[in-house]
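Residue numbers (the UniProt record's numbering): 1 to 177.
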């Protein structure tokens, strides 16, 4: 990591992870612990979307900020994606019946796994049409998420208010500091 920072002359680093079922404070402690394994920290994260400065011997310093993907304080990327979907999601929504069936048979699926499965079905069955179906794994799955984000922007509402915080976070990296 240090070699990449020096070689590429990186001045800012953003860390984005899922909050899952943790509190913001627990995630901040986790990030601080991980950073202490790589850097000598003069200060640590006490909040998201705020830079801390890390001095690197033989280099300059870098600024690091972090953000936790969530919906109302819990969840992950898939939880956000499920909320910002724009297309009809019949195939994905019918998974709720499957989940109810599991529960009635004393089988549980974690919200995290359910949301991942929901997104997979939304991408594969609710938003995959025409020639894309012939290349579904490449064009209609999380395996090639970059392709989806570049070529199927209309399946997400990028103006949804749940994205406001992460937009503010990302703005830290384009604004003059």
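Note that CB positions come from ideal geometry on N, CA and C, so glycine has one too.
query: Assign residue 40 to buried or exposed, taking buried as 16 or more other Cβ atoms, counted over all protein chains shown, within 10 Å of its Cβ.; result: exposed
query: Could you tell me which of 74, 54, 128 and 91 sits nearest to residue 25, measuring between CA atoms?; result: 74
query: Could you give the residue range of the beta strand (DSSP E) that holds residue 55?; result: 52-55
query: Suppose contacts are defined by Cβ-Cβ distances below 8 Å. Is residue 68 in contact with residue 19 by that definition?; result: yes
query: For a quick check, are the C-beta atoms of residue 126 and residue 88 less than 8 Å apart?; result: yes
query: Based on Cα-Cα distance, which residue from 9, 154 and 37 lies nearest to residue 58?; result: 9
query: Between the Cα of residue 46 and those of 64, 143, 55 and 38, spot the shortest distance and give me the residue it belongs to.; result: 64
query: Going by beta-carbon coordinates alone, are residue 48 and residue 82 separated by less than 8 Å?; result: no
query: Tell me whether residue 115 is buried or exposed, calling it buried when 16 or more other Cβ atoms sit within 10 Å of its Cβ.; result: buried
query: Among the residues of its own chain, which have a CB less than 6 Å from the CB of residue 91, if the five just before and after it don't count?; result: 121, 125 and 126
query: For residue 67, which residues does DSSP report across the bridge?; result: 16
query: Could you name each continuous alpha helix (DSSP H) segment of 4 residues or more that falls completely within the segment 82-163, going from the start of the chain to the end?; result: 90-93, 95-104, 111-121, 136-139 and 145-151
query: May I have the straight-line CA-CA distance separating residue 146 from residue 78, to the nearest angstrom?; result: 14 Å
query: Since residue 72 is in the alpha helix (DSSP H), which residue starts that stretch and which ends it?; result: Residue 72 -> no alpha helix (DSSP H), and no H or E assigned at all.
query: Can you tell me where the alpha helix (DSSP H) with residue 24 in it begins and where it stops?; result: 24-36
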